[in-house]
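The structure appears right after this line, and notes come after that.
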Amino acid sequence: MMNFWRTMLRNPGGVIGLMILILAVAVAVFGPLLFPTSPWRMVQRPFLPPFTAPGLPLGTDALGRDVLAGIVHGARVSLLVGLVSTMAALAVGIPVGAMAGYFGGRIGDALMRFTEFFQTVPSFALAIVLVAILQPSIVSIVLAIAIVSWPPVARLVRGEVLSLRTREYVQAAVVTGQSHSWIIWREILPNALSPVIVLASLMVATAILLESSLSFLGLGDPNLMSWGYMVGAGRTVIRQAWWITVFPGIAILISVLALNLIGEGLNDALNPRLNKEGR
Amino acid sequence: MLKRVLLSLMVASALSTAAYAQEPKTGGMINAVIQPEPPGLMMGLVQNGPTQMVSGNIYEGLLRYSPKLEPLPGLAESWNVSEDGKTYTFKLRKGVTWHDGKPFTSADVVFSIEFLKQTHPRARSNFAQVDKIETPDDSTVIFNLKEPFGPFLGVFEVGSLPMIPKHLYEGTDFKTNPANNTPVGTGPFMFKEWQKGSFIRLVKNPNYYIKGKPNLDEIYWHVIPDAAARAVAFETGKVDVLPGGSVENFDVPRLSKLKNVCVTGAGWEFFSPHSWLWLNNRQGPTANKKFRQAVMYALDRNFAKDVIWNGLGNVATGPSGSSIKYYSSDVPKYDYDPAKAKALLKEAGYNGEKVRLLPLPYGETWQRWAEAVRQNLQDVGINVDMVATDVAGWNQRTSEWDYDIAFTYVYQYGDPALGVGRTYVSSQILKGNPFNNVEGYSNPEIDKLFADGAVAFSDSARKPFYDKAQKILVDDVPVAWLLELQFPTITRCNVKNLITTAIGVNDGFRDAWLDK
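First to last, the protein sequences are chains U and F. Counting from 540, one number per residue, gives the positions in the first sequence under our numbering. Counting from 476, one number per residue, gives the positions in the second sequence under our numbering.
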């Protein structure tokens, strides 16, 4: 474990990413204390440029709402959607992939064909259809993102399990008469976890982007302020008021970049082949 | 005498629209935007907004209407109403021909009404009171009514009663008649070609019955599906006329600041789109009159007007728009007063139940408006939950009464008996239509006032009924009136005299001219 942190901290990108993420999480958790009123509240005259009115450093949007308050409240939605939908995707993808890899044969084929069925449909189009059918709300958005993002997890886990199940320690477990679920859960998965963690960190980033894209298209939860919504609503007035779109856009960019840097760092730290001394 | 009065009215209205009188120039071509592309141009079969806008210059009605909704001569050059209000005699203009050269006669008028009763829901109810139509000669039409019908002189505009050529349609299946693709009317412009997805081209009718008109040679209606692209087309000079509603509101200030650009909100008086929030009178907190009044006090409608509609339109005072006949401002007032709203909510015993708000899915402006209204209502303590929806979902929910508060706007057609009463009388509580009494308001007194107002004859006899109805309704707040909407028409300033009537661009090209 010490070794992991040492490698992780030796990767400057990873450290920067981690710091940004911690900041974003802090904003999401404590921000609403700084901006206790609703971000939808019309506080000043509309289209106020940044740094022109005290207390409104990022200006106001088309209805006179505080852009900074929107970004702070939006952090909560974006991170929450990213995290929860990734969890949900892992909860589906890991068992499917593990079973397909472990049992192989017909079960494996059936599970993989099922997975491929989801992979062949363009994921963003599928997400739009799902959200439109289920009516836009935070639950339907999380659900849609989870549904379109579990197949890569399943494929990855299957590959890892396929290679691990022929290892001697697994076979030893089989010989000692352990149950299938014990072997998958206690013997194989812990060893297959590193690439999954790396993938998951990137999935959070993708989920944030997906949520933003959906909100941009007007398919966000209409009761929650999110970055994608801000960009989408400001897009039509971008020629009059660039700041309405640019600041939430930067927020999306930075948080997605941070998650990618972390993913990179994790990959370096967790990949045994790269983790050798003298690299 | 009547003619002279009308003539002076016409002159007066023409003078008031132009800052100073100029001699019209002839010739020239105008490029306008049509949004969305109409499904067809045969006005008797299709009544969509864009169809009316293009075809209103191809077809004509018996009358036209001034911005004050007074009747002006159209295909009828004069008219006479009997003392008892049951007989209307129209004298048609002589020497009018269809675009294919056949003469226009009183037989065409009778045929048009028969035609439209089959295809035009509004015409069906407008002419329901007609007992029989007589045509003693080619240029006289006499309508005999079963009962007096107050708004009758208001139903002869081109969109409500376009004249349809009998010689092309009699005895045919109207919907499949090949003539539908090449509309033939009596109007100042003739249909020339339609490249689907690209443009519709109209050319001057050289045999138009008013000598010297139209002034323009050609009109191109361009189909440009994207709102931003329409604004750019105007900026780059590809089009000269942006009819109301063809660009988003927030583009209006930018476009109107360009050089040689004129903006007007006129030309919608006949439709006078009126917006409000449906408040479900049947169930939930909105069933309580005090709660509904609280909603009225909670809404900052001046903010909506100034910020969301860029200052266009007026704050609505009640069920009738101010350009509608018998409009009365002598009604209870609801100014923006959150404190009063909170007090009323307390009186109503509202305890924070969730209230669903359904926006109108017609683009950015309406979405922003819904957000502002939600904030207004939340500020006074109403627990609002906005529902996301698309056009089909909005239609479904409002016409099946599955909402608590919902946005809408409705055309009023100049007379309370034609466009206002339907929202409040209990006979209009019918599922399946998003534009009738959707809120479920039922008050026998209101029913009687609207019924009596429609059959009373003469303006002075009708007015008291509507005055009283407006007072009662505004106190009861069956729906929360928002704004009298204005859809600005944006043109180059050298397009002159385009908007002179109550339906604006829809029949305005007859008198329009281009200053070079």
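Using N, Cα and C, we set each Cβ at its ideal position, and we do this for glycine too.
- Judged by DSSP in its simplified three-state form, D605 of chain U adopts strand.
- In the DSSP annotation of this structure, T659 of chain U is not part of any beta strand (DSSP E); the continuous alpha helix (DSSP H) holding it starts and ends at 644 to 659.
- Rounded to whole angstroms, S553 of chain F and I509 of chain F show a C-alpha spacing of 33 Å.
- Residue-level contact by beta carbon fails for D701 of chain F and chain U, as no gap is shorter than 8 Å.
- Within the segment 581 to 596 of chain U, M581, P585 place their CB atoms closer than 7 Å to a CB of chain F, listed in sequence order.
- When DSSP states are grouped into helix, strand and coil, D860 of chain F belongs to the strand group.
- I727 of chain U and V606 of chain U do not touch by the CB rule: their CB atoms are close to 49 Å apart, not below 8 Å.
- For F590 of chain F, the closest C-alpha among the options F:D575, F:T615, F:G629, F:S635 is that of F:S635.
- Taking all protein chains shown into account, N680 of chain F has 16 or more neighbouring C-beta atoms within 10 Å of its C-beta and is therefore buried.
- Annotation for Q670 of chain F: the continuous beta strand (DSSP E) segment containing it runs 664 to 670.
- C-alpha of V795 of chain U to C-alpha of S624 of chain U: approximately 15 Å in a straight line.
- When DSSP reads this structure, W751 of chain F sits in a beta bridge with F:T883, F:W956.
- Think of a sphere of 7 Å around the beta carbon of L602 of chain U: the chain F residues whose beta carbon falls inside it are V782, R843, E846, A847, in chain order.
- For the segment 723 to 750 of chain F, residues whose beta-carbon sits nearer than 7 Å to a beta-carbon of chain U comprise E723, F725, R729.
- Counting only runs of 4 or more residues that sit fully inside the segment 911 to 991 of chain F, the alpha helix (DSSP H) segments are 919 to 930, 934 to 951, 980 to 983, in chain order.
- Of the candidates F:A823, F:T739, F:R776, the residue whose Cα lies closest to the Cα of L973 of chain F is F:T739.
- When DSSP reads this structure, K829 of chain F sits in a beta bridge with F:N858.
- Classified as buried, E750 of chain U has 16 or more neighbouring CB atoms from the shown chains inside 10 Å of its CB.
- Neighbours of V668 of chain U in chain F, taken as residues at a C-beta separation under 7 Å, are lacking, since the least C-beta distance is about 13 Å.
- Counting along the chain, the unbroken alpha helix (DSSP H) around H642 of chain F starts and ends at 641 to 644.
- Taking 9 Å as the Cβ-Cβ cut-off, the segment 859 to 872 of chain F approaches chain U at V859, D860, M861, V862, A863, T864, D865, G868, given in chain order.
- In the same chain as Y563 of chain F, and ignoring 5 residues on each side of it, the C-beta atoms closer than 8 Å to its own belong to W554, N555, V556, S557, I617, F618, L620, F627, L628, in chain order.
- If you look at D583 of chain F, you'll find it in the alpha helix (DSSP H) that goes 581 to 594.
- Contact between the segment 708 to 720 of chain F and the segment 917 to 934 of chain F is absent: fewer than 3 CB-CB pairs across the two stretches fall below 8 Å.
- A direct Cα-to-Cα measurement between P658 of chain F and V630 of chain F gives close to 22 Å.
- Residues of the segment 761 to 791 of chain U whose Cβ lies closer than 8 Å to any Cβ of chain F, in chain order: P761, N762, A772, T775, V776, R778, Q779.
- Chain-ordered, the chain F residues with CB closer than 7 Å to the CB of P675 of chain U read A863.
- The DSSP-derived three-state label of T898 of chain F is helix.
- DSSP, reduced to helix, strand and coil, places M581 of chain U within a strand of the structure shown.
- Cβ-Cβ distances below 6 Å link A780 of chain U to F586 in the same chain, with the five nearest sequence neighbours on each side left out; the list follows chain order.
- With 16 or more neighbouring CB atoms inside 10 Å of its own CB, E512 of chain F falls in the buried class.
- According to the DSSP assignment, P548 of chain F belongs to the beta strand (DSSP E) that extends over 546 to 548.
- In the pairwise beta carbon analysis, the segment 978 to 986 of chain F is classified as not touching the segment 795 to 803 of chain F: fewer than three pairs are separated by under 8 Å.
- In the DSSP assignment, L669 of chain U falls within the unbroken alpha helix (DSSP H) covering 662 to 673.
- Contact of E710 of chain F with chain U is not assigned, every C-beta pair being separated by 8 Å or more.
- Taking C-alpha positions only, L792 of chain U is separated from S740 of chain U by approximately 15 Å.
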